[in-house]
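If you want the working numbering, it's the position in the sequence shown, counting the first as 1, plus 439.
Everything on this sheet refers to the single structure shown next.
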Amino acid sequence: MEVTTLCFRLNAALRIVPNRLQFFEYESVSFHCVGSDGSTQLRGIRTAVDFISSCYKETLVLSCSIQRAYGGDGGEYWCETEGGERSNSVVISVTNGSVILESPVLPVREGHDVTLRCRNMTTSSTITADFYKDGLLIRSSSTGNITILHVSKSDEGLYKCRVSDGGESAESWLTVRDLHRETCPSSDHFLHAVLVLRTVFTIVMVALLLLLLGLLHCGKLRVTQK
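And the structure:
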């Protein structure tokens, strides 16, 4: 089952910070819905149950956050417009266990490398971990990380990890984008471009505001001198 669509159904895309699909309980999670233009009126970021209530809007971006995540916060999330249209969806999990698998939220392009990390909440030191795909052991690592080189569609599937003391993560789906079938723009490039434009817009507006304040100040000085 593929949990992240490759093309968006509206001119908006959902990303998550931190960029992973699994979280420990009590961690904070931020969701950002990025619109491509001002014509897309974003209603909110929601789950199958309800909208996230803690949100704020900026130019082309709607941001929502969960300050302390619990198990019930796991599930499917997506952006929604005023007309009920949905963006790409992302499925996250929240665990009260001690182990999570860090894997990318957005699809990985065919031919690119991807790193999976097994993380143990109880220690910050290097851990030994076994990595599984679709229930089968694929690799063991003394560093807690594995890198899959030049991924292909055959690498797509459910991944999890298990540490030496017996702790085990949940499973997360790794999506690989088939370049030969790609018909829509790369979402990561799209998001990057929108965020850069937002930053440039903010800098220009601040510069114009400072210029206006300077002109007003000069005008007041001239009036005073007269």
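Heads up, the beta-carbon is just placed ideally off N, CA and C, and yes, glycines get one too.
- Pairing Ser504 with Ser532 gives a Cβ-Cβ distance that is not under 8 Å.
- The beta-carbon distance between Thr565 and Gly583, rounded to whole angstroms, is 6 Å. This is short enough to meet the 8 Å contact definition.
- Contact between Trp517 and Arg525 is confirmed by a C-beta separation of about 5 Å, below the 8 Å threshold.
- Between the alpha carbons of Ala646 and Asp569 lies a gap of roughly 53 Å.
- Beta-bridge analysis with DSSP links Glu497 to Val500.
- Boundaries of the beta strand (DSSP E) harbouring Thr520: 514 to 520, taken from the DSSP string.
- Nearest to Cys472 by alpha-carbon distance, out of Thr534, Leu460, Asp594, Leu499, is Leu499.
- Contact between Asn559 and Gly513 is absent: CB atoms are separated by about 19 Å, not below the 8 Å threshold.
- Exclusion of the five residues before and after Glu610 leaves Leu597, Tyr598, Lys599 as the residues of its chain whose Cβ lies within less than 7 Å of its Cβ.
- In the same chain as Phe490, and ignoring 5 residues on each side of it, the C-beta atoms closer than 6 Å to its own belong to Gly483, in chain order.
- Boundaries for Tyr509: no beta strand (DSSP E) harbours it, and the DSSP string shows neither H nor E there.
- Rounded to whole angstroms, the separation of the alpha carbons of Leu613 and Thr486 is 21 Å.
- Look at His656 here: in three-state DSSP terms it is helix.
- In the three-state scheme derived from DSSP, where H, G and I count as helix and E and B as strand, Asp594 is classed as helix.
- Rounded to the nearest angstrom, the gap between the Cα atoms of Pro546 and Leu649 is 42 Å.
- In this structure, Ser608 is the residue among Arg616, His656, Ser608 with its C-alpha nearest to the C-alpha of Thr534.
- Leu575 counts as exposed, since fewer than 16 other beta carbons sit within 10 angstroms of its beta carbon.
- Comparing alpha carbon positions, the residue from Ile585, Thr520, Val602 closest to Thr562 is Val602.
- Taking the C-beta atoms as reference points, Glu464 is found nearer than 8 Å to Tyr509.
- Each residue's CA atom was taken as its position, placing Ile587 and Arg556 some 11 Å apart.
- Following the DSSP letters along the chain, one finds Phe463 inside the beta strand (DSSP E) bounded by residues 461 to 463.
- Annotation: the continuous beta strand (DSSP E) that includes Ser580 extends over 575 to 580.
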